[in-house]
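Trainee: Can you read through this structure? Questions will come right after.
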Amino acid sequence: MRLLERTQDLDTVRRAMNSTQTGDTVLVAVTGTPGMGRSAFLDTVAVHAEQHGFVVRRARGSRLEQGLPLGRPGPARPETTGRPVALLVDDLQRAGSRP
439 MRLLERTQDL DTVRRAMNST QTGDTVLVAV TGTPGMGRSA FLDTVAVHAE
489 QHGFVVRRAR GSRLEQGLPL GRPGPARPET TGRPVALLVD DLQRAGSRP
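Pasting the structure below:
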């Protein structure tokens, strides 16, 4: 998928991924208004991460789980491959309970 006007954002993510090769832990937050393509951007990031040896895990916040504290947890799957892990969470604002 080709993303418009996201070259700089993809470069930021690529630099973050490269820094994990030295053992760093990195957090990159993708923010923006609804409909601007955050999900498509994360899809592109997932492909890039897999191509560069990352184990990719995806999660998505759900309106149906908003009343649950931090959503419904899934089973723990520790990685023992020695490969870096990219955890991509989409719609995080929908996870967890609302005040």
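Residue numbers for the sequence shown follow this note's numbering, so the first one is 439 and each next one is one higher.
Think of the CB as a built atom: it goes at the ideal place given N, C-alpha and C, for glycine as much as any other residue.
Nearest-angstrom Cα distance between R510 and A497?
Mentor: Confidence in R510 is poor, its pLDDT being 49 and thus under 50, which makes the residue's placement too unreliable to answer from.
Trainee: For the beta strand (DSSP E) containing R495, list its first residue and its last residue.
Mentor: Start and end: 493-498.
Trainee: Quickly, what does DSSP pair V466 with across the bridge? List them, please.
Mentor: According to DSSP, V466 bridges with nothing at all.
Trainee: Tell me which residues share the same chain as G495 and place their Cβ nearer than 6 Å to its Cβ, disregarding the 5 neighbours each side in the sequence.
Mentor: What sits at residue 495 in the sequence shown is Arg, not Gly. Result list for R495: L525, in chain order.
Trainee: Return the Cβ separation of F492 and R521 in integer angstroms, given the expectation that the two are a contact with Cβ distance under 8 Å.
Mentor: The Cβ separation is near 6 Å, so the contact holds.
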